[in-house]
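Structure, as structure tokens:
In the UniProt record's numbering, the protein residues as written are 1 to 762.
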């Protein structure tokens, strides 16, 4: 359930509250007018008749008036207290009125509402004073029921009733003002946006960040695997270089052995002639094989030299491309970061604005809920007081009825006595009249007894008139008693109906308040809103670099004490940063080790190249010496020139047979015997051998060329992978630096979110 969906049934609640308040006001007005009319009627009767009621009736009447006035005064005081509390509540929200979130119209409305609440306070004070004066007058009338006190009480009743009517009118106006203001604020709240959309977007953003972190972790694992593969391939290259060095050493040893064999063969040829042909054939085959291998390695090393030049060119080109690519990546990354920071700042600002609006709505709804609770309590108090007043009125009416019934019984008894006296007087009169007639037959003028009879008749007529008046009074009292009983029953019926309606209204208000409490409980709490605000602020500072929870290194001695949530997030960030720093240190260590290995390999390569150049020079000189040793010194000039042209490393000068021996053993004595002269058969065999050697060299060249191509491709792939690894390490280093800076920033500003929340609230 969203936060703003629950106040949509407020119009019905507000309409019912308005109706109930109107009914209460009308009933209060009717009760006050009735009390006033009764008091005025009694006072008019007293003024007309010039007499005062008996003490018992006066006391009962003024007890009833005092009870009604007390009920009205207590109700008004409770309303004044509620209004004062509400009025005090609105000034407490004055900082909200002056905050930039309210518009000028809303601020003016709040000012006018505050003025409307604060203006009637002097009138309420005067009303309280008039009520106290009325109570004093009632007490004075109870103690001394003189006409002056009764008139003073009547004037106080008139002024008090008038004051109450004015206060009720002002209450009605204030109620209308409050309802209008409530409708305006409710309309503004109803048009606001539901914060559930923002919360869902934040949740999706957090989930996307978690997915990005998982992807980065997977990429790091892949990079670690690739680094391990590169290390394995590096070991293989080391093994291959070692094998090449061993092969070069083996070739050197083979060449030295061949030279030694050649020297021994030459010495044997000088001493004996028959065994020289066989040794020369074996030597020739061995030399042919060695020549082919030397030519093969020569071609291979020449190709390697050319490849070194190409490799250097390609490396320079790769460095340039890497620099250009790094600059382009930095520009794109900077642009993307700026766009991301701008969009994130805008979204965070919008989220904070929506959050502030939601908080203001929540505060206004809480104020409304408190007002509803106060109204419900006032209604319950008024209902209880009405029930108490009903019981007191019923008791007063019952006492008055008993008094009237007693008066009626007394009047009946008086009437019966008067009737008996009348009958006795009538009998006496008849007896007197009869005796006078008998005595007066035939007598003279009447005596003084006739005067007495006339007086008696006059008195009788007066008694009869008095009895008639008493009968009329008794009948009127009976009629008045009947009317009062009917009015009392009607009042009881009306009060019972009023009590039932108030009970129903109280039940409905209780249900509404319970539903509102449930909705407020289901609405997001202030802690949840603060938590979301804190998370949004941290996401804004991190610029979409939030990390996932990591279970390693949760305790950081450098962490500053703060709230639990901030501590958890900071511990996660610090743990992630430590892990990334650990990976970065490991990558740097591996990189430094790789650089050291590369430098060592370069040094070894330089040494091997130097030894290779020396070996090539040595092989060239050895081959020249061997060719010169094999060639016949007694051949013709044409044959010599031809053999010199065929020798790859020979010279035009005649060969020196002591060169090889001096190279192998500088202390050896020079050779005095020249080499033997070769025949035509040896020349033809040499041509055939050269043809076969050329075929073998070409095959070896093709094989080595394919191998070189494969090695070059493999080397290029290694270089590309190394470049990717270097770029990844640099990007991880920059990300780790940013993360560390942000974590330190968060550690140094732990208290700022709470201070910001307090400032915004106040």
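Using N, Cα and C, we set each Cβ at its ideal position, and we do this for glycine too.
Reduced DSSP category for residue i - H, G, I as helix; E, B as strand; rest coil
i           : result
residue 193 : coil
residue 583 : helix
residue 491 : helix
residue 508 : helix
residue 454 : helix
residue 597 : helix
residue 43  : Confidence in residue 43 is poor, its pLDDT being 45 and thus under 50, which makes the residue's placement too unreliable to answer from.
residue 527 : helix
residue 146 : coil
residue 359 : helix
residue 305 : At residue 305, the pLDDT of 49 sits below 50, so the modelled position is not reliable; the number obtained from the coordinates is stated separately. DSSP places residue 305 in helix when its eight states are reduced to three.
residue 551 : Only weak support exists for where residue 551 lies, its pLDDT of 41 falling under 50; the coordinates are left without a value.
residue 746 : helix
Per-residue burial, residue i [other beta carbons within 10 Å of its own, 16 or more giving buried]
i           : result
residue 624 : buried
residue 292 : buried
residue 795 : One cannot answer for residue 795 here, as it falls past the ends of the chain, which runs 1 to 762.
residue 526 : exposed
residue 337 : exposed
residue 473 : exposed
residue 163 : buried
residue 514 : exposed
residue 619 : buried
residue 5   : For residue 5, the predicted model reports a pLDDT of 40, less than 50, meaning its position is unreliable and no value from the coordinates is stated.
residue 564 : Note that residue 564 scores 42 on pLDDT, short of 50, meaning its location in the model is unreliable and no value can be drawn from it.
residue 124 : buried
residue 393 : buried
residue 204 : exposed
residue 379 : buried
residue 156 : buried
residue 132 : exposed
residue 189 : buried
residue 317 : exposed
residue 389 : buried
residue 242 : exposed
residue 183 : exposed
residue 507 : exposed
residue 576 : buried
residue 386 : buried
Minimum C-alpha distance to residue i - residue among the options
i           : options            : result
residue 608 : 245, 197, 237      : 245
residue 235 : 737, 605, 597      : 597
residue 287 : 237, 257, 602, 393 : 257
residue 216 : 628, 506, 736      : 736
residue 237 : 296, 467, 712      : 712
residue 509 : 394, 579, 425, 370 : 370
residue 464 : 423, 491, 504, 479 : 423
residue 726 : 325, 122, 285, 135 : 325
residue 405 : 741, 524, 466, 477 : 477
residue 344 : 578, 538, 480, 222 : 538
residue 704 : 127, 148, 299      : 299
residue 254 : 498, 335, 695, 622 : 622
residue 419 : 377, 470, 398      : 470
residue 529 : 357, 503, 602      : 357
residue 251 : 210, 294, 222, 225 : 294
residue 362 : 722, 127, 186      : 186
residue 329 : 730, 430, 383      : 730
residue 364 : 520, 502, 421, 334 : 520
Jot down the residue ranges of each uninterrupted beta strand (DSSP E) in the stretch 382 to 434, minimum 3 residues, whole runs only, in chain order.
none
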